[in-house]
Structure formats: structure tokens, C-alpha cells
């Protein structure tokens with residue numbers, strides 16, 4: 006798996022769904038997008054975008070690589086990032102600037118091991134102000150899905166930047182070394198997009214999109230196994246709030262640069 010992932014992370018090809026997967030549904034109307042308002046577009050330095058999702062009124066989950074400038078290889082300043090919750094056809098349900106960013110401590114933007122990059126490719130963004138809009142409800146997270154589990158993804162992309170799209174049914178093809186391989190349809194801009202499970206009819210986030218790739222002739226999406234990395238991020242956030250390492254420590258209520266998709 007490790008050797009395959011290294012190849013996949015380099016061969017960044019457009020993704021297509023498997024035959025049994027559902028097609029993309031464009032969420033460009035109020036009714037279609039009603040359950041997904043907490044997914045938003047992350048505009049980065051006015052030059053690119055990724056996808057992110059609220060997991061608390063003031064916390065957005067996304068991919069770590071979205072927060073790096075591909076030219077300088079340095080982190081972008083958090084204040085240059087804006088979260089557009091439910092962005093659709095030129096309007097958002099809420100607009101928030103980012104106050105600070107916490108990247109997984111083990112993530113390396115230019116690491117030699119591609120599986121390491123995907124496994125740790127996750128970050129939390131703290132917003133300047135919580136989103137209290139009653140139509141924008143943060144998502145819960147859930148334990149890691151098993152191989153064969155049915156999942157879905159809501160994402161923006163280079164050819165659908167003005168409204169998100171939903172692929173409600175795709176599959177976990179493999180899980181190894183902290184990396185999920187999924188049949189979900191992703192493209193540039195989909196980085197950081199939430200991968201959902203639908204157990205008991207409730208959408209819960211189980212991963213975020215890190216890369217698109219090719220495996221044995223099949224185009225796939227790669228994402229982190231979320232549970233342990235998210236706990237590590239929450240710990241880093243608490244440390245900074247308590248006066249430990251981290252910029253702008255304070256108490257708060259817990260609730261593009263397209264190298265990768």
C-alpha cells in the first residue's frame with residue numbers, strides 16, 4: 006500500500022466515479038443545499054480555494070496542504086483565508102475570516118513519504134467569530150469507516166466553484182497506514198472536502214479529501230483516517246488556548262494552490 010500511495014500521490018489525474026457510485030448532484034438551489042450549509046468554500050489569499058466544513062460554530066475542518074503556498078512552500082497567513090459557508094451562486098449563508106490555523110504537527114508539505122503526507126493532511130481553522138446562523142449547523146464526526154463502507158462527499162471544484170456538488174454514494178476501497186482510498190469523485194478545489202458516513206440517516210464526517218490518484222487503472226480519492234489526527238489537532242488547540250505553543254492563545258467555545266485536488 007505504501008508504494009502504491011507514493012505513486013498515486015504523484016499521478017494526480019481527474020477522478021471519475023465507479024459504476025456503482027452515484028453521480029454528482031449539483032447543490033445550486035436552496036432546497037438542494039439545505040442540509041449542507043455547513044460545508045463551505047475556503048478562499049485562500051484571493052488566488053485559490055479549497056473546501057472546508059464546520060465541526061463547531063467557530064471551527065472549520067480542512068486539509069493541511071490547503072494552508073501552504075506552493076511557490077514559497079510556506080504556510081499562508083490565516084488572516085488571508087475566508088470561509089464562505091454554503092457558498093452558492095455568488096452568495097454565502099455566512100462569511101467569516103480565519104483567526105488562526107492549526108496544522109497537524111506531523112504534517113510535512115514536502116515530505117518524502119506520500120502516505121505520511123496524506124495520513125497527516127488535516128487542519129483546523131479557528132474563525133474570527135462563531136457562526137450562529139440557525140441554517141448553518143456544524144457536523145459531527147464519526148469513527149473511521151471500514152473497507153466497503155458507503156460514504157459520500159460534498160465539495161467545490163475547479164469546474165463547479167460557484168456551488169457545491171454532492172456524491173451521496175461512493176465506497177471505501179481500502180484502509181491502510183492511516184490512509185483511506187475511496188471511489189469518490191474529486192477534482193481541484195475538492196481538497197479538504199468532508200467525506201461523510203450516513204449511518205442511521207445522519208451525515209457525519211469521517212475523513213477529508215487529501216488527493217486524487219490512480220490505483221490499478223481506477224481513479225480514486227485519498228483521505229486521512231480522521232479519528233486520531235483530529236484528536237491530536239484538538240489537543241494542540243487546547244495547548245495554545247492554555248498558554249502553550251501557538252499564536253494568539255485565548256479561550257473559546259468548542260462547539261488555490263492546487264498541488265493536490
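Numbering (our numbering), first residue to last: 6 to 266. The beta carbon of each residue, even a glycine, is placed where N, CA and C say it ideally should be. Here the structure is a predicted model, which means the values were calculated and not measured.
{"Check": "Cβ-based neighbour list, residue 55, same chain, cut-off 7 Å, excluding 5 preceding and 5 following", "Outcome": "47, 49, 67, 68, 71, 194, 196, 197 and 261"}
{"Check": "Three or more C-beta pairs below 8 Å linking the region 103-123 and the region 161-172", "Outcome": "no"}
{"Check": "Through-space distance from residue 173 to residue 28, alpha-carbon basis", "Outcome": "8 Å"}
{"Check": "Distance between beta carbons of residue 185 and residue 127, contact taken as under 8 Å", "Outcome": "Incorrect: roughly 12 Å between the Cβ atoms, too far for contact."}
{"Check": "Residue 48 in three-state terms, based on DSSP", "Outcome": "strand"}
{"Check": "Pairwise C-alpha distance: residue 225 and residue 190", "Outcome": "7 Å"}
{"Check": "Per-residue burial, residue 12 [other beta carbons within 10 Å of its own, 16 or more giving buried]", "Outcome": "Note that residue 12 scores a pLDDT of 33, beneath 50, so its modelled location is shaky; the value from the coordinates is reported in the next line. With fewer than 16 other Cβ atoms within 10 Å, it is exposed."}
{"Check": "Residue 203 CB to nearest heavy atom of the ligand HEM below 8 Å", "Outcome": "Ligands are entirely absent from the displayed structure, and the ligand HEM is therefore not among its contents."}
{"Check": "Outcome for residue 148 when other beta-carbon atoms lying within 10 angstroms are tallied against a minimum of 16", "Outcome": "exposed"}
{"Check": "Boundaries (first-last residue) of the beta strand (DSSP E) holding residue 174", "Outcome": "165-181"}
{"Check": "Residue from 32, 238 and 73 with nearest C-alpha to residue 52", "Outcome": "73"}
{"Check": "Local conformation of residue 189 per DSSP, three classes", "Outcome": "coil"}
{"Check": "Range of the contiguous beta strand (DSSP E) that encloses residue 35", "Outcome": "It is not in any beta strand (DSSP E) - residue 35 instead sits in the alpha helix (DSSP H) that spans 35-38."}
{"Check": "Nearest candidate by alpha-carbon position, reference residue 182, set 143, 219 and 118", "Outcome": "118"}
{"Check": "As assigned by DSSP and simplified to three states, the class of residue 85", "Outcome": "helix"}
{"Check": "For residue 54: DSSP bridge partner residues", "Outcome": "48"}
{"Check": "Segment contact, 8 Å Cβ cut-off, at least three pairs: the region 198-208 with the region 232-244", "Outcome": "no"}
{"Check": "Contact under 9 Å by Cβ, residue 180 with residue 135", "Outcome": "no"}
{"Check": "Residue interval of the beta strand (DSSP E) (run including residue 354)", "Outcome": "With the chain represented from 6 up to 266, any question about residue 354 goes unanswered, as that position is not in the structure."}
{"Check": "C-beta atoms of residue 212 and residue 156 nearer than 9 Å", "Outcome": "yes"}
{"Check": "With 16 other Cβ atoms within 10 Å as the buried cut-off, status of residue 221", "Outcome": "exposed"}
{"Check": "Close Cβ partners of residue 227 (< 8 Å) along its chain, the five nearest in sequence each way excluded", "Outcome": "10, 13, 14, 123, 184, 185, 186, 187, 214, 215, 216, 217 and 218"}
{"Check": "Supposed contact pair residue 43 and residue 200 - C-beta distance, whole angstroms, cut 8 Å", "Outcome": "Not confirmed; about 14 Å, so no contact."}
{"Check": "Simplified DSSP state of residue 231, which is helix, strand or coil", "Outcome": "coil"}
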